[in-house]
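In full-length UniProt numbering, the protein residues as written are 1 to 510. Glycine included, C-beta positions come from ideal geometry on N, C-alpha and C. Here the structure comes first, spelled out in structure tokens, and everything after it is commentary.
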Amino acid sequence: KKVDQETPPLLINYNNRCRCKIGFSGTHCETNIDDCIGHRCQNNATCLDGVNNYTCNCSPGFTGRYCETRLHYCTDYNPCQNGGECVTDPATGYSPKQNEFWAFKRPCMNGGSCIDGIGSYTCQCRPGYTGRLCERLEMASLIMDVPDAAVNRGVCTHHECLNGGRCIQEGSEYRCQCLAGYEGKKCEKLTQVGFYDDSFARIETSRIYPSGNITMEMATQQRQGLLLYAGNASAYLIMSLFNGYIRFSYSLGVAPGANGYTYVKINDGKFHTVQAIINRETVTLSVDGMAKTISATYVADAVARSVDALSEAIYIGTLPAAKRDDMQSNVNIRETFSFGGCVKRMLVNGKLVNFKLSDPTNRRLIAGCPAFAKPANPCEKPNLCKNRGVCQPRVEQPAGYRCKCRPNFTGRNCEEKACKRLASREYYTDPETGCRSRRKLKIRRCQGTCLRSTGYCCQPKRLRHRMIKFLCPGGRRITKRVTLVRRCGCAPCGRHNLYSYWYHRTRARR
1 KKVDQETPPL
11 LINYNNRCRC
21 KIGFSGTHCE
31 TNIDDCIGHR
41 CQNNATCLDG
51 VNNYTCNCSP
61 GFTGRYCETR
71 LHYCTDYNPC
81 QNGGECVTDP
91 ATGYSPKQNE
101 FWAFKRPCMN
111 GGSCIDGIGS
121 YTCQCRPGYT
131 GRLCERLEMA
141 SLIMDVPDAA
151 VNRGVCTHHE
161 CLNGGRCIQE
171 GSEYRCQCLA
181 GYEGKKCEKL
191 TQVGFYDDSF
201 ARIETSRIYP
211 SGNITMEMAT
221 QQRQGLLLYA
231 GNASAYLIMS
241 LFNGYIRFSY
251 SLGVAPGANG
261 YTYVKINDGK
271 FHTVQAIINR
281 ETVTLSVDGM
291 AKTISATYVA
301 DAVARSVDAL
311 SEAIYIGTLP
321 AAKRDDMQSN
331 VNIRETFSFG
341 GCVKRMLVNG
351 KLVNFKLSDP
361 TNRRLIAGCP
371 AFAKPANPCE
381 KPNLCKNRGV
391 CQPRVEQPAG
401 YRCKCRPNFT
411 GRNCEEKACK
421 RLASREYYTD
431 PETGCRSRRK
441 LKIRRCQGTC
451 LRSTGYCCQP
461 KRLRHRMIKF
471 LCPGGRRITK
481 RVTLVRRCGC
491 APCGRHNLYS
501 YWYHRTRARR
């Protein structure tokens, strides 16, 4: 095939790829990795991203690499202005002579504002709170209907959401809305992580021999790569990708180890459940419920010498350099780079794994898996479609969904009636005799289109019958039975029209 000489080689040779320097990622290493994800800055410090590092911009009153050290006033830092003298008070650590330390101490509670004075301060409380430090609810708030938004406006002021979690107020309580990858009441657990080609995570674990269970939900689009390694060069459990299949190897100290392959490929970018069950010399590996079992050679002396290695840490992804070199020298494994994908959830012996970005034993992990994120399904919101409408996800719709409404309803969320009953009080004129009712009647008419229900018409669904007194031209008085509409709705247009039925039945009786 003739190739245009001006075409970049990267577009021609599909076997090439960019091996990025530390701190960058992307197909062409064009993205500076956000190192502030999972940062360790403390005490409300601001994280400033760099290249493979970050710095913490400390809040007033703190110092240190992670702003973890509080400044000692009058010794490390003199906050006094306008010639004020800083004198340490043994009881509080501050001097009554300095005028601006209150901003650092922040004594006001429940979102109150601190107003500085000369040698003192006052707290300006939010609505619904009182007390010197705004620490008490006002009595009026306890006996009157004061909106939560006014009374509990300070609930999130002292929240405990971790790892960038956002505090969401719910009445007098709050909940933490976690960033991608985190979960837990305070967003304290990182359960979903992404891996680059050179990423790895070290997991301290309990024994997986003589019995153990490793379960993970994972996704990848790579054909090759190391997925899991436990043990050493003699006793080990290894899982790796080979042409999209999982190749797993198991040894109890006697070479060669046992090898096997799964029945299905997993490099389709979708999440799969991978489970390894160890029972002495056998390992059963299943992918989405399809299992394959292999057995390692069992020699008692060799097992006694080697199985302690299976109680050491488990590595997900690639390995540290020293351990990787040892594995290549003694174990017949081709793949030394990571599988490059996402682990959504992992359990070892039933215990959920909490990954830690700041752990120095881990390398280049990403919180969450944006590349494998499942599009949000708006239909998971409760009661999105009203009046028993059925929610259907639709990517082409601006809102991402459409509501399939019942025949009598319409609107984006089936919130409106398609067939409405319009009522008014007026005199009723009999179309046959021309006589007019002596009193005004409550007349109801059906109006609507039932557009969302093809084949349905807006028509009466329930009628009532009344004997009405009429005054006719010439002074003649008559009493006649009249059929009136009580309820309207959408009904199949082909069905018998109730109004017509009762209209003709009334005529026949006369």
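query: Pick out the complete beta strand (DSSP E) segments inside the UniProt domain "EGF-like" (152-188), 3 residues or longer, and give them in chain order.; result: 166-170, 173-177
query: Enumerate in chain order the residues of its own chain whose CB-to-CB distance from Lys442 is below 7 Å, with the five nearest sequence positions on each side excluded.; result: Ala423, Arg425
query: Could you pull out every unbroken beta strand (DSSP E) segment of at least 3 residues lying fully inside the region 9-60, listed in chain order?; result: 46-49, 54-57
query: Could you check if Leu142 is buried or exposed, using at least 16 other CB atoms within 10 Å of its CB as the buried criterion?; result: The predicted position of Leu142 is uncertain, since its pLDDT is 39 and thus under 50; no value can be drawn from it.
query: Out of Gly489, Arg464, Glu281, Ser437, which one is the CA nearest neighbour of Arg476?; result: Ser437
query: Checking the sheet assignment: what are the DSSP bridge partners for Met216?; result: Val274, Met346
query: Which term fits residue 513, buried or exposed, when burial requires 16 or more other beta carbons within 10 angstroms of its beta carbon?; result: An answer regarding residue 513 cannot be provided, because it is not within the stretch 1 to 510 covered by the chain.
query: CB Gln328 to CB Asn267, shorter than 8 Å?; result: no
query: With DSSP as the reference, label Cys493 as helix, strand or coil.; result: coil
query: Using 8 Å as the threshold, is the region 162-181 in touch with the region 299-310, meaning 3 or more CB pairs across them?; result: no
query: Taking the runs of the beta strand (DSSP E) that are 3 residues or longer, which of them lie wholly in the region 458-494?; result: 477-492
query: Output the boundary residues of the beta strand (DSSP E) element that contains Arg439.; result: Counting along the chain, Arg439 falls outside any beta strand (DSSP E), and DSSP gives it neither H nor E.
query: Under the rule that 16 or more other beta-carbon atoms within 10 Å means buried, what is Ala255, buried or exposed?; result: exposed
query: Quick one: grab the DSSP three-state call for Met327.; result: helix
query: Can the beta-carbon of Cys458 be found less than 8 Å from the beta-carbon of Cys472?; result: no
query: Compare the C-alpha of Gly111 against each of Cys488, Pro127, Asp325, Ser295 and name the closest.; result: Pro127
query: Just to confirm, are Cys342 and Ala258 a CB contact at a threshold of 8 Å?; result: no
query: Using alpha carbons as the reference points, say which of Met467, Asn243, His158 lies closest to Cys108.; result: His158
query: Using the three-state DSSP reduction, which class does Phe337 fall into: helix, strand or coil?; result: coil
query: Looking only at its chain, what residues have a beta carbon closer than 6 Å to the beta carbon of Gln224, apart from the 5 residues adjacent to it on each side?; result: Leu241, Glu335
query: Assuming the contact rule is C-beta atoms closer than 8 Å, Gly400 and Pro378 should be a hit. Round their C-beta distance to whole Å, please.; result: 5 Å
query: Locate the beta strand (DSSP E) running through Ser240, then write down its first and last residues.; result: 235-242
query: In whole angstroms, what separates the C-alpha of Phe104 from that of Gly368?; result: For Phe104, the predicted model reports a pLDDT of 45, less than 50, meaning its position is unreliable and no value from the coordinates is stated.
query: Is the region 61-69 close to the region 184-202, with three or more CB pairs under 8 Å?; result: no
query: Among the residues of its own chain, which have a CB less than 7 Å from the CB of Arg402, if the five just before and after it don't count?; result: Gln392, Arg394
query: Going by beta-carbon coordinates alone, are Phe409 and Ile316 separated by less than 8 Å?; result: no
query: Let me make sure I understand the geometry here. Which of Lys356, Pro407, Met239 has the alpha-carbon closest to that of Ile37?; result: Lys356
query: Can you name the start and end residues of the beta strand (DSSP E) that Val287 belongs to?; result: 282-287
query: Which partner residues does Cys446 have in the DSSP bridge list?; result: Arg421
query: If you follow the alpha helix (DSSP H) that Ala296 is part of, which residue opens it and which one closes it?; result: Where Ala296 is concerned, there is no enclosing alpha helix (DSSP H), given that its DSSP letter is neither H nor E.
query: By alpha-carbon positions, which one of Thr27, Phe24, Arg40 ends up nearest to Pro360?; result: Arg40
query: Tyr250 bridges to which residues according to DSSP?; result: Leu237, Ala258
query: Would you mind working out which of Lys270, Gly389, Val299 sits nearest Phe372, comparing C-alpha positions?; result: Lys270
query: Quick check: the Cα distance between Cys493 and His465, rounded to an integer number of angstroms?; result: 23 Å
query: Any idea if Cys490 is buried or exposed, counting beta-carbon neighbours within 10 angstroms, 16 or more meaning buried?; result: buried
query: In the DSSP assignment, what residue or residues form a beta bridge with Arg363?; result: Phe200
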